[in-house]
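Below is one structure, written out as structure tokens, with a few remarks after it.
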Amino acid sequence: SQQGEEDPQALSIQEGENATMNCSYKTSINNLQWYRQNSGRGLVHLILIRSNEREKHSGRLRVTLDTSKKSSSLLITASRAADTASYFCATGIIQGAQKLVFGQGTRLTINP
Amino acid sequence: DAGITQSPRHKVTETGTPVTLRCHQTENHRYMYWYRQDPGHGLRLIHYSYGVKDTDKGEVSDGYSVSRSKTEDFLLTLESATSSQTSVYFCAISDSGSNEKLFFGSGTQLSVL
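If you read the protein sequences in the order shown, they are chains S and B.
The numbering of the first sequence is the numbering used here, which starts it at 1 and goes up by one.
The numbering of the second sequence is the numbering used here, which starts it at 113 and goes up by one.
Following this line, the structure appears as structure tokens:
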């Protein structure tokens, strides 16, 4: 598996439901980030959680980090049609030089 | 998109021709990056810069070169384009380190025929 794998690859839910996406990684990290990408656009930073943090909130977003399991989850509550996008986790690692490694993303579709 | 302009937005070129993509920022951020995005691979780092004339290779740098002569401009050059370089290219910037929060441009869709 790659560093930063999202699960599921695609998720389709009804508007108003909660959406949960997961990210697993392999190497030690100093932070984990989530980004959103709308079709045909660049990525937009959503939230960053550091390795010494377990949970972080931003509006309708909740991110958890379990460094013992090398996994993170992104929860979007009360989903809206505008949340339809691809969501990427990115792990901040130190291997010689610091770098950010992106996963392949989860495609989220919110149905009205 | 956070004061980042990529040009061109779309380009079609032929195999073997040189191509230069430009990233221009108005944020005065120190770090600049070039990524490519391909189905099944997510985003992969091509090259990055940590200051004027300071650049380094990413994980997929073969066939690409970069230059940064001014803080605001980061150029990506494909010396001799190949079909495998057909991709969407994203520029990103950061002011706080190479694994911290990134701001992305809107991307350049490059097709090499």
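Where is the CB? At the ideal position from N, CA and C, for every residue including glycine.
Residue burial is scored here from C-beta neighbours: His-57 of chain S has fewer than 16 other C-beta atoms within 10 angstroms and is therefore classed as exposed. Scanning its chain for C-beta atoms nearer than 6 Å, with the 5 sequence neighbours on each side dropped, one finds around Met-144 of chain B the residues Ser-161, Phe-186 and Ile-205, in chain order.
Short of 6 Å from the beta carbon of Val-172 of chain B, and not among the five residues preceding or following it, lie these beta carbons of its own chain, in chain order: Arg-156 and Ile-158.
The C-beta of Lys-182 of chain B comes no closer than 7 Å to any C-beta of chain S. When DSSP reads this structure, Thr-194 of chain B sits in no beta bridge, so it has no partner. Taking a cut-off of 8 Å on C-beta distances, the stretch 69 to 83 of chain S touches the stretch 23 to 38 of chain S, as three or more cross pairs fall below it. The beta carbon of Asn-211 of chain B sits closer than 7 Å to some beta carbon of chain S. Closest in C-alpha terms to His-122 of chain B, from the list B:Glu-191, B:Thr-198, B:Ser-181 and B:Gly-209, comes B:Thr-198. Scanning chain B for C-beta atoms nearer than 9 Å to the C-beta of Arg-41 of chain S yields Asp-113, Phe-216, Ser-218 and Gly-219, reported in chain order.
Counting only residues of its own chain and dropping the five nearest sequence neighbours on each side, Ser-119 of chain B has a CB closer than 6 Å to the CB of Arg-134. Annotation for Leu-48 of chain S: the continuous beta strand (DSSP E) segment containing it runs 43 to 50. Close to Leu-190 of chain B, with beta-carbon spacing below 8 Å, lies no residue of chain S; the smallest spacing is near 20 Å.
In the three-state scheme derived from DSSP, where H, G and I count as helix and E and B as strand, Asp-150 of chain B is classed as strand. Rounded to the nearest whole angstrom, the C-alpha separation of Leu-222 of chain B and Val-178 of chain B is 17 Å.
Three or more Cβ pairs closer than 8 Å define a contact, and the stretch 126 to 141 of chain B falls short of that threshold against the stretch 33 to 42 of chain S. For Phe-186 of chain B, the nearest beta carbon of chain S is not closer than 7 Å to its own beta carbon. Identification of residues in the stretch 77 to 107 of chain S having a C-beta nearer than 9 Å to some C-beta of chain B yields Phe-88, Ala-90, Thr-91, Gly-92, Ile-93, Ile-94, Ala-97, Gln-98, Lys-99, Leu-100, Val-101, Phe-102, Gly-103, Gln-104 and Gly-105, given in sequence order. Taking 8 Å as the upper bound for CB-CB distance, Gly-42 of chain S and Gly-217 of chain B are in contact here, some 5 Å apart. Here the C-alpha atom of Asn-18 of chain S lies approximately 13 Å from the C-alpha atom of Gly-59 of chain S. At a cut-off of 7 Å, the C-beta of Leu-155 of chain B has a neighbouring C-beta in chain S. In this structure, the straight-line span from the alpha carbon of Glu-53 of chain S to that of Glu-6 of chain S is close to 20 Å.
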